[in-house]
Amino acid sequence: MEIPSIVGAGLIVIGAGLGIGRIGGSAMDAIARQPEAAGKIQTAMLIAAALIEGIGFAALFAGG
Amino acid sequence: MTQFILAALVVISFTANAQHSQPEHGNSEKVAWEDMSKEERTTEVNAIKQHHLLDDHDFTITHGVSFPLPVILWDNGLQVFMSSKFHHGETVAEVNGNFYKVHHSKIYKTDSEGTITMDDHHHPTNAKPFDLSITKNVFVIILMALFMFFLFKGVAKAFKSGPMPTGAGRFLEPLVIFVRDEIAIPNIGKKQHGKYMSFLLTVFFFIWFLNLAGMTPLGIGVTNNIAITFSLAILTFFITQFTGKKTYWLHLFDPLGSSMPWVAKVPLYILLVPIELLGTIVKPFSLMIRLYANMTAGHIVLMSILGLIFVANSWLAAGPFSILTFLLSILELLVAALQAYIFTMLSALYFGAAAAEEHH
């Protein structure tokens, strides 16, 4: 049986969502612990999220 | 507060009106919108969505109001004519004995009847002349470049008379400082950042302004075009390679350094060096895909939700979906700035790796 590529697209979204969610959650923890470092944490968080998002979009384009 | 609600209502009704006339556009001689089945309406809305994301040879301001742009083709010599000859893609344009027709915003060479032959995958098999036209996207880029040139020239001039920013400079100065102090210096370093600043500032404001222009009802989503994000990304790629210092090249071709004898390095490097070289291509590639996909996805989501009103074809659907679109548009304004920031930030990160000095 052939699996439609839309299933793959769904899996990608789950994976990317989990990844970005983890980054966001960890950043929240970090900011709560060290509110004075919020700016730096936010920058690092955005970069990491953007990298995952890039992979997610690339996979979506290849499969979706 | 009431003023805000009023303004919001005006914006919503304007967007709704602007969109309402569109689904009927390509459909005027066929079945009336009300008489179509839900599936037919979905197809129609999807066609409009597709069309909105494509580049065009006409500049359409709103329903029925458009002006032609010059078409420049290289087809056994230069062929220059105005896109009004196509009559919005409905007729065949004859130029110096050659016939051209527009199909899905692309120009094909045809016979005098304008026949376009399709292959099995519904791709036209007609010859495509080399298209150098001033399309809608090119036109908007030229406009935006002129706008930015005069805006920043004026701001720069104001600094000659004193250190205090005036006019637009009051708004732009903090952003320029932000790009320098939060993006360039932390990633590239205080000593090196100077030569990259002009590119980083240009790319930041260019992407941001184009993203914002894409949010206007004019339908000029320039950053939705992968060719444009490709050009921006390839600039980052070339600047990274051409400003690469010794450390950067050593890291590419000799990542393990002197800590290992060369006999052990050779088999490892057969695997490592190609991966490192691939990495230099993947980085700008992800820049290109990220900007393109984010802006395209945003527009598709907005238009899909607006399109639901016309698929449902009911006044009940208009209210909630319009409000949802309005709220998502505000989110898109944030994304517009965020994507400009991310592109600049990652470019600075790659430049930083290229400009790094030896630290051991």
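In the order they appear, the protein sequences are chains A and B. So the first sequence is numbered by my numbering: it starts at 1 and just counts up by one. So the second sequence is numbered by my numbering: it starts at 1001 and just counts up by one. For each residue, glycine too, the CB sits at the ideal point set by N, CA and C.
The C-beta separation of L1338/B from L1302/B comes to about 16 angstroms, leaving the pair out of contact by the 8 angstroms criterion. Using a Cβ-Cβ cut-off of 9 angstroms, G10/A does not count as an interface residue toward chain B, since no Cβ of chain B sits closer than that to its own. The alpha helix (DSSP H) runs of length 4 or more contained entirely in the segment 1255-1336 of chain B are, from start to end of the chain, 1262-1312. Using a Cβ-Cβ cut-off of 9 angstroms, G39/A counts as an interface residue toward chain B, since at least one Cβ of chain B sits closer than that to its own. Excluding the 5 residues flanking it on each side, N1225/B has same chain C-beta neighbours closer than 7 angstroms at D1055 and N1137, in chain order. Cβ neighbours of A1145/B within its own chain (closer than 6 angstroms, five residues either side excluded): none. In this structure, the beta-carbon distance from L1210/B to I1141/B falls below 9 angstroms.
Close to R1290/B, with beta-carbon spacing below 7 angstroms, are these residues of chain A in chain order: A50, E53, G54 and F57. For I47/A, the C-beta contacts it makes with chain B under 9 angstroms involve I1342, M1345, L1346 and L1349, in order along the chain.
Residues of the same chain with a CB within less than 6 angstroms of the CB of G1352/B, apart from the 5 flanking positions on each side, are N1187 and I1188 in chain order. Counting the other Cβ atoms within 10 Å of the Cβ of K1195/B gives fewer than 16, which makes it exposed. Within chain A, the residues placing a beta-carbon under 8 angstroms from that of S1286/B are L51, G54, I55 and A58, ordered along the chain. Chain-order list of chain A residues neighbouring A1293/B: E53, G54, G56, F57, A58, L60 and F61, by C-beta distance under 9 angstroms.
About 15 angstroms separates the beta carbon of K1283/B from that of A1356/B, a gap too long to meet the 8 angstroms contact definition.
Distance between P1165/B and I1183/B, taken at the CA atoms: about 22 angstroms.
Across the structure, V1065/B and F1205/B are spaced so that their CA atoms are roughly 29 angstroms apart.
Using a CB distance cut-off of 9 angstroms, P1124/B does not count as an interface residue toward chain A. When secondary structure is reduced to three states using DSSP, S1105/B falls in the coil class, being assigned neither helix nor strand.
Every alpha helix (DSSP H) of 4 residues or more that sits fully in the segment 1128-1162 of chain B is shown, in chain order, as 1136-1161. No Cβ of chain A is located within less than 9 angstroms of the beta carbon of A1336/B. Judged by pairs of C-beta atoms under 8 angstroms, the segment 27-46 of chain A does not touch the segment 1252-1271 of chain B, as fewer than three such pairs exist.
Between the alpha carbons of A1348/B and L1316/B lies a distance of about 49 angstroms.
Here DSSP, grouped into helix, strand and coil, assigns N1098/B to strand. Cβ-Cβ distances below 6 angstroms link A48/A to I23 in the same chain, with the five nearest sequence neighbours on each side left out; the list follows chain order.
When the beta-carbon positions are compared, V1080/B and G1114/B stay at least 9 angstroms from each other. Put simply, the backbone Cα of T1135/B is about 43 angstroms away from that of L1272/B. Of the other Cβ atoms in all chains shown, 16 or more fall within 10 Å of the Cβ of A1293/B; this residue is therefore buried.
Counting along the chain, F1242/B sits inside the alpha helix (DSSP H) bounded by residues I1226 to F1242.
When only Cα atoms are considered, W1249/B and I1239/B end up about 14 angstroms apart. A direct Cα-to-Cα measurement between K1153/B and L1175/B gives close to 16 angstroms.
The criterion of a C-beta distance shorter than 9 angstroms is satisfied by R1290/B and A50/A. Shown here for W1074/B: same chain residues with a beta carbon closer than 7 angstroms to its own, the five before and five after excluded, namely P1129, F1130 and L1132 in chain order.
One Cα belongs to I1300/B, the other to K1038/B, and the distance between them is close to 19 angstroms. At least one C-beta of chain A is nearer than 9 angstroms to the C-beta of P1186/B. The beta carbons of A1047/B and M1215/B sit no closer together than 9 angstroms.
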